[in-house]
Each structure stands twice: as structure tokens, then as C-alpha cells.
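Trainee: Quick one: structure below, then a few questions.
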Amino acid sequence: MNRELFSRTGLRRASGRLRRSAVRALGVDLEAVVHLDSHYATPVSWVERLALHSPACTVELAHPRDPEVVTHAFGARWVYRIESCIWDPQGDLAFTSDHRLIAESTSWPPLHALTSWPVKPRHAPRLQLDGDCIIMPTTGYGHWLLEDLPCVLAALEHSPQATIVVSAQAPGFVRAFLRTLPNRVVDADGPVTLANVVMVGRGPDTGWTHPVDAARIAAMFGALASGDRAVYGTRSGGRRAPANETQVEATCRELGVAVVSTAAMPLDEQARLFASARLVVVPHGAGLANIVWMQPGARVIELFEADYVVPCYAELAAVRGLQYSCLIAATPGDSSVDLEALRGLIASS
57 MNRELFSRTG LRRASGRLRR SAVRALGVDL EAVVHLDSHY ATPVSWVERL
107 ALHSPACTVE LAHPRDPEVV THAFGARWVY RIESCIWDPQ GDLAFTSDHR
157 LIAESTSWPP LHALTSWPVK PRHAPRLQLD GDCIIMPTTG YGHWLLEDLP
207 CVLAALEHSP QATIVVSAQA PGFVRAFLRT LPNRVVDADG PVTLANVVMV
257 GRGPDTGWTH PVDAARIAAM FGALASGDRA VYGTRSGGRR APANETQVEA
307 TCRELGVAVV STAAMPLDEQ ARLFASARLV VVPHGAGLAN IVWMQPGARV
357 IELFEADYVV PCYAELAAVR GLQYSCLIAA TPGDSSVDLE ALRGLIASS
């Protein structure tokens, strides 16, 4: 028995060594990561804590697919000033001057970041910026609004005159927001050396919205007028539009629910639209991030494909004090919405 256990343990360890060797052979150094805050790390002179951004907390909610309670624990997060680092717009990752990934520069787990993007900046930085800089991430709209933008706004509070550095390929919604700032904005099409970076450290929390961040975004346009609107956020022509989108839109109109596309709508208009809605019906996707502006007690109905049901917007609804319901397509591979079930949910709202 002991010999069998020893044999299994030895095989498991050998297999682990082989996998790690294969990953390193691909150019991924799993230990090329530095954590700004860690119980085992010694404080370093090139990192300064400026303030606490958000305290540790736990959120919990019922998973949309079943009554199972899902929990997520956030660690405490701090605002830092970091000396001499390299930022690579490919992946929105920050590195130390000796090319170690700064774990807190991304909300993705470090292993995911290391294996999804180049471990080191693609080539030597050709641009250097002095003074305080703030990195503007350019992830998809939902992650940007709920995870990235709150951190940028907090960093600006600590360094209002900082230079904003952003990818030269930044999407339109990022450009539109940057035009509202008085700060100098520098486009980067490759790695940049930054003398000082002011940033909020992030944990591996992608897909989860910290209550402090949700409150910051909800308040960014000041007090917004509430209302009694009912809105269907159409995704017509989009990848996640229901297969029977035309019928869904017709059903919504029949029940007095306005069909609206927010794809080209300025951010402040989206905020006012959602703040004025007592009911919002939206297929799962980035547009649901806008429920952050809805008034507490308002109703959200999320439409899911059968194959992809995630709790991120149910969690946001819970954090913002919204009533949450969802409809999940019955057949894998078919994203059609049950129109009678939709009628029932809208009628009860």
C-alpha cells in the first residue's frame, strides 16, 4: 500500500515537473510575477502606498441557473505610486523594470495573464514619460466600466494632473471618456517606460464588481433623475442577440417596453437612460453593465443562452439593490427566448 502510494505521488510530481518544463519552454516564466502586497513580501522602496481604495469584503448571491449560493471574497485594495515600470498596451499589463509582471496591474489571475499575453514587453520601450502617469485600460466595455474605470477615477483623485497613457488602438468608448478629461493623453503603440505610475491594485476579481467601485461609477455623473421607463436593450445583429430577436422586440413593444440600442450612445446618455428605467430587459452581454446606474428597487431581466450562464450581473444587481430575474434558453445551441415566459416576467414587473 505504501509502495503504491509512493509510486502515485512520484508519478504526480514527475508529471507536474514535466508540465512546468513544457510551459517554460514556450517562454512563460511562472515566477516572473511580483505582488505589491503579500504576507510573505518585504516592502520595497519603489512602491508607495497612498491610501486604502476599498476594504476587504464578501458578496453572495443565488446563482442564476439554480438556488446555489455563490460567494466571492475581495481582498483589501490600495492606491499605489510605483517608480520606474514598463507598460505594454498589448494586454494592458504593467511590468517592473526587470520585466516581472506586477500582479495587481490586472484583475485577471497572474497565470492567465502570463499565458495569454507576452510574458515580457514585446521589444525595448522607445517612449519614456516623466512625472505621474495613469494607465487607461482598454478592455471590453463591461469590464472597463465596472473594473477599470473606477480605478482610474480613484487614481485621478490622488494625482489630478497625471498624464493618461492609453493604447493607440483604444476603442471609441474609451476615447469618448478621455475627451471629457483635461489631462494630457499619450497614445502608445508599444511598450512605454513610465517614471511613476499611480494605480489601484487589483486582485483576481474579473467578473465581480466591488461595492465601492459600483458606487463610484453610479455617482460619476452626479444625481440622475429617476423615472418610470421600461426598456429593452436590443442586441440586434450582435453575437449574443437571441435567435428570435425580432419576436422578442415585438413582444416588448406590445407590452409597452421601448426597444433601445445603446451601441453608439454616449456614456452620460446611457447613464441617464438606465437611471430613468424601472424595468430593463437585456440579453447577457456588456450592455448590462449599465444597470449600475439604475435606482435601488428597479427590476432587471437578463436573457441567457442555454450554454453560457454566469452570475456577474446578478452580483451587480445585488450590490446595487436591484430586483433580478433571468430567462435561460431551454435548448443548448439555441438562444431563442421563451416569449410567454418573458411576457409573464414583464407583466409582473
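Using this note's numbering, read the sequence shown as starting at 57 and increasing by one per residue.
All C-beta atoms, glycine included, are put in the ideal place defined by N, C-alpha and C.
Please classify ASP187: does DSSP put it in a helix, a strand, or coil?
Mentor: Position 131 of the sequence shown holds residue 187. In the sequence as presented, Asp is not what sits at residue 187; that position holds Gly. The answer is strand: DSSP assigns GLY187 an E or B state.
Trainee: Using alpha carbons as the reference points, say which of TRP134, PHE330, SER405, ILE357 lies closest to LEU383.
Mentor: Taking the sequence shown and counting its residues from 1, the one referred to as residue 383 is at position 327. Of the listed residues, the one whose Cα sits closest to LEU383 is ILE357.
Trainee: Taking ILE191 as the reference, give the member of ASP204, LEU280, THR114, LEU183 with the closest Cα.
Mentor: In the sequence shown, the residue the question calls residue 191 occupies position 135. Restricting attention to ASP204, LEU280, THR114, LEU183, the CA atom closest to the CA of ILE191 is found in ASP204.
Trainee: Counting only runs of 3+ residues fully inside the segment 117-169, write out the beta strand (DSSP E) ranges in chain order.
Mentor: 125-130, 133-144, 149-152
Trainee: I believe ALA320 touches PHE277 by the beta-carbon criterion, under 8 angstroms. Please report the beta-carbon distance rounded to the nearest angstrom.
Mentor: As a first step, residue 320 is located in the sequence shown; it is residue number 264 there, counting from the start. As a first step, residue 277 is located in the sequence shown; it is residue number 221 there, counting from the start. Between PHE277 and ALA320 the Cβ distance is about 19 angstroms, and since that is not below 8 angstroms, they are no contact.
Trainee: Do you know how far the Cα of PRO227 is from the Cα of THR262?
Mentor: Start at 1 with the first residue of the sequence shown, and residue 262 comes out as number 206. Start at 1 with the first residue of the sequence shown, and residue 227 comes out as number 171. Approximately 20 angstroms, taken between the alpha carbons.
Trainee: List the endpoints of the continuous alpha helix (DSSP H) containing ILE273.
Mentor: To locate residue 273, count along the sequence shown from 1; it is residue 217. Taken as a continuous stretch (DSSP letters only), the alpha helix (DSSP H) holding ILE273 covers 267-274.
Trainee: Is it true that the segment 280-293 meets the segment 213-230, where meeting means three or more beta-carbon pairs spaced less than 8 angstroms apart?
Mentor: In this structure the segment 280-293 does not touch the segment 213-230; the number of beta carbon pairs closer than 8 angstroms is below three.
Trainee: Hey, which unbroken runs of the beta strand (DSSP E) at 3 residues or more fall wholly within the segment 222-290?
Mentor: For secondary structure counted as the beta strand (DSSP E) over 3 or more consecutive residues, the segment 222-290 holds these complete runs in sequence order: 241-244, 248-256, 285-289.
Trainee: Just list the residues that DSSP pairs GLU361 with in beta bridges.
Mentor: Stepping through the sequence shown from its first residue, residue 361 is reached at position 305. GLU361 pairs with TYR364.
Trainee: Leaving aside the five residues before and after LEU106 along the sequence, list all residues of the same chain whose C-beta is less than 8 angstroms from its C-beta, in chain order.
Mentor: The residue you call residue 106 lines up with position 50 of the sequence shown. Cβ within range, chain order: TRP134, VAL135, TYR136, ARG137, HIS214, VAL254.
Trainee: Express the C-alpha separation of LEU209 and ALA354 in angstroms, rounding to a whole number.
Mentor: As a first step, residue 354 is located in the sequence shown; it is residue number 298 there, counting from the start. As a first step, residue 209 is located in the sequence shown; it is residue number 153 there, counting from the start. Each residue's Cα considered, the two are about 26 angstroms apart.
Trainee: In the DSSP assignment, find the unbroken alpha helix (DSSP H) run with HIS214 in it and report its ends.
Mentor: Residue 214 sits at position 158 when you count from the first residue of the sequence shown. 205-214 is the span of the alpha helix (DSSP H), which, as asked, contains HIS214.
Trainee: Taking the alpha carbon of ALA279 as the point to measure from, which residue in ASP324, LEU237, ARG235 has its own alpha carbon closest?
Mentor: For the purposes of this step, residue 279 is identified with residue 223 of the sequence shown, where counting begins at 1. Shortest Cα-Cα distance from ALA279 to any of ASP324, LEU237, ARG235 involves ASP324.
Trainee: Going residue by residue through the segment 303-334, where are the continuous alpha helix (DSSP H) segments of at least 4 residues, counting only ones entirely within it?
Mentor: Correct list: 323-331.
Trainee: Does the Cβ of GLU361 have 16 or more other Cβ atoms within 10 Å, making it buried, or fewer, making it exposed?
Mentor: Reading the sequence shown from its first residue, position 305 is the one you call residue 361. Its Cβ being crowded by 16 or more others within 10 Å, GLU361 is buried.
Trainee: Return the chain-ordered list of same chain residues with a C-beta closer than 8 angstroms to the C-beta of TYR364, the five sequence neighbours on each side being excluded.
Mentor: Locating residue 364 in the sequence shown gives position 308, counting from the first residue. Result list for TYR364: HIS340, in chain order.
Trainee: Tell me where the beta strand (DSSP E) around ARG407 begins and ends.
Mentor: Lying outside 57 to 405, the shown extent of the chain, residue 407 is not represented and no answer is given.
Trainee: Can the beta-carbon of CYS189 be found less than 7 angstroms from the beta-carbon of LEU250?
Mentor: The residue labelled residue 189 in the question sits at position 133 within the sequence shown. The residue labelled residue 250 in the question sits at position 194 within the sequence shown. Their beta carbons are under 7 angstroms apart, which means CYS189 touches LEU250 by this criterion.
Trainee: Given a cut-off of 7 angstroms on the beta-carbon distance, is the pair LEU4 and GLU160 in contact?
Mentor: Nothing about residue 4 can be reported from this structure: the residues present for the chain run from 57 to 405 only.
Trainee: Give the single residue among LEU149, TYR369, ALA275, VAL316 whose Cα lies nearest to the Cα of GLY246.
Mentor: Within the sequence shown, residue 246 is the residue found at index 190, counting from 1. Cα-wise, what sits closest to GLY246 is LEU149.
Trainee: Do SER163 and ARG416 come within 7 angstroms of each other at the CB atom, strictly closer than that value?
Mentor: Beyond the ends of the chain as shown, which are 57 and 405, falls residue 416; an answer cannot be given.
Trainee: Which class does VAL356 belong to by DSSP, given the choice of helix, strand or coil?
Mentor: For this step, residue 356 is matched to residue 300 along the sequence shown. Reduced to three states, the DSSP call for VAL356 is strand.
Trainee: So ILE384 is in the beta strand (DSSP E); what residue range does that whole segment cover?
Mentor: Walking along the sequence shown from the start, residue 384 turns up at place 328. In this chain, the beta strand (DSSP E) harbouring ILE384 covers 379-384.
Trainee: Tell me the DSSP secondary structure of LEU108 in three-state form.
Mentor: Taking the sequence shown and counting its residues from 1, the one referred to as residue 108 is at position 52. Strand at LEU108.
Trainee: What number of angstroms, rounded off, separates the C-alpha of LEU82 from the C-alpha of VAL268?
Mentor: Against the sequence shown, residue 82 aligns to sequence position 26. Against the sequence shown, residue 268 aligns to sequence position 212. Confidence at LEU82 is low in this model, with a pLDDT of 48, below 50, so the placement of that residue is unreliable and no value is reported for it.
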